[in-house]
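Numbering (this note's numbering), first residue to last: 77 to 513. Okay, so here's the structure we're looking at.
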């Protein structure tokens, strides 16, 4: 029987790749926490209407890429292709629209049926943040600064460039939209079929087109900056000034667009040249009407999302695997005391495991294979004396140490208080935490 393979466009996260992935997520969780953001988790599937409303019926994601299926009750459900819509749905259904602002961090798998390529999968993972409620440009600047700080904490800020644009307010966008329709209508027969279909419904999506015939027309297309009203100009000036105050450098890119009417003012992308043509690693913008699309009131918000797989690829080095301490009991009488030593090590926040089988040589070989930093050996004589033999595998030095001084010698590691409390409660009788615990 042939081995079962993963579905095309999916991948397993194991070993170094999982450590890279976890490091990206943990770093983003920590940095956004410093900004006062709390983590939300939403289901990986929603009613299809949630994403059809948020992404627009004319988008490639809705028309070509969503994983949509009827459930056994006949409801149309969709695996989430992005996170923002679900967060806005959760805001409304949990009655939080009157408790603003809400600062939300999220992470998890997303799903899109697209051609797999470097750093892009059909099941992929994102980190994201939504600042819901504030309408001021300084809120946008702070959200962007937070994204910059996530990249900085990952050590990749020097590898990316922030590109920034304004989308104006609805009045400015309406004037620009009319100018785009007038311009592209003169070249309707030269547009790709997709762009011809979009021309009357959503001409802004033509600006996102990858078709060569469409891109040839873009250099002379009307620019939004020429249609900004006074309010939009003030917001744009305020955003750039606030970014300066946060110390966030940027370059203006007037070709960054968003195709849906509820996006407004700020649009930005952190891009890199290290991943080929798929260079965007974190992107976002301001949106004004998505909460209303979910049945709530008109609510301003700013948010961003980043691809975990792409960010993980940019890490200079994978986080080191934590070296465990291996406990080796010699003889049946030493097994119960060895369990007590294991619990004591874990209470102190030290990763530890037991070598279960084989003679002493085999167990030492296993300790080396798992990359242990130390081995702790105890037999009947050590148990009788209340000591252990501790060997440093990097230096080869071995010494006899009192069980009560084991933690003091190895040093404690950080451990959540709830975990420490639990482990302290299950220490076997007669085995106190020791001086260092």
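The C-beta atom is built at its ideal place from N, Cα and C for all residues, glycine as well.
Which of helix, strand or coil does DSSP assign to residue i?
i, result
"residue 225", "helix"
"residue 279", "helix"
"residue 474", "strand"
"residue 200", "strand"
"residue 413", "helix"
"residue 380", "strand"
"residue 299", "coil"
"residue 242", "strand"
"residue 103", "helix"
"residue 230", "coil"
"residue 272", "helix"
"residue 94", "helix"
"residue 308", "helix"
"residue 248", "helix"
"residue 78", "coil"
"residue 485", "helix"
"residue 340", "strand"
"residue 84", "coil"
Taking residue i as the reference, give the member of the options with the closest Cα.
i, options, result
"residue 426", "484, 372, 227", "484"
"residue 408", "437, 388, 459, 396", "459"
"residue 224", "293, 381, 140", "381"
"residue 515", "92, 288, 142, 415", "The structure shown does not extend to residue 515, since the chain spans only 77 to 513, so no value can be given for it."
"residue 162", "149, 192, 204", "204"
"residue 442", "363, 252, 400", "400"
"residue 108", "174, 171, 228, 164", "228"
"residue 340", "377, 352, 348, 328", "377"
"residue 92", "447, 394, 367, 410", "394"
"residue 402", "149, 428, 368, 383", "428"
"residue 462", "256, 416, 246, 363", "416"
"residue 349", "397, 330, 387", "387"
"residue 355", "196, 85, 127", "196"
"residue 260", "285, 233, 293, 365", "293"
"residue 457", "150, 414, 125", "414"
"residue 168", "451, 439, 366", "366"
"residue 449", "467, 157, 192, 455", "467"
"residue 216", "452, 312, 357", "312"
"residue 170", "201, 371, 304", "371"
"residue 472", "452, 368, 343, 487", "452"
"residue 338", "357, 244, 181", "244"
"residue 479", "418, 436, 470", "418"
"residue 153", "128, 212, 176", "128"
"residue 151", "405, 122, 475", "122"
Decide if residue i is buried, meaning its Cβ has at least 16 other Cβ atoms within 10 Å, or exposed.
i, result
"residue 110", "exposed"
"residue 445", "exposed"
"residue 106", "exposed"
"residue 361", "buried"
"residue 482", "buried"
"residue 318", "buried"
"residue 206", "buried"
"residue 241", "buried"
"residue 264", "exposed"
"residue 279", "buried"
"residue 432", "exposed"
"residue 392", "exposed"
"residue 250", "exposed"
"residue 290", "buried"
"residue 422", "buried"
"residue 324", "buried"
"residue 104", "buried"
"residue 274", "buried"
"residue 544", "Outside the displayed span of the chain (77 to 513) sits residue 544, for which this structure offers no information."
"residue 436", "exposed"
"residue 145", "exposed"
"residue 269", "exposed"
Across which residues does DSSP place residue i in a beta bridge pair?
i, result
"residue 326", "Partner(s): none; residue 326 has no beta bridge."
"residue 450", "401, 468"
"residue 358", "346, 382"
"residue 184", "202"
"residue 463", "478"
"residue 207", "179, 378"
"residue 259", "Partner(s): none; residue 259 has no beta bridge."
"residue 108", "Its beta-bridge partners do not exist; DSSP assigns none."
"residue 193", "196"
"residue 237", "347"
The ligand FMN and residue i: does the residue's C-beta get closer than 7 Å to at least one heavy atom of that ligand?
i, result
"residue 108", "The ligand FMN is not part of this structure, which contains no ligands at all."
Ignoring anything shorter than 3 residues or poking outside the stretch 110-171, list the beta strand (DSSP E) runs there in chain order. Taken in chain order, the unbroken stretches of beta strand (DSSP E) that lie wholly in the stretch 110-171 and span 3 residues or more are 121-123, 144-146, 152-155.
Runs of beta strand (DSSP E) lying entirely within the stretch 415-439, each at least 3 residues, in chain order: Qualifying beta strand (DSSP E) stretches, in chain order: 428-430.
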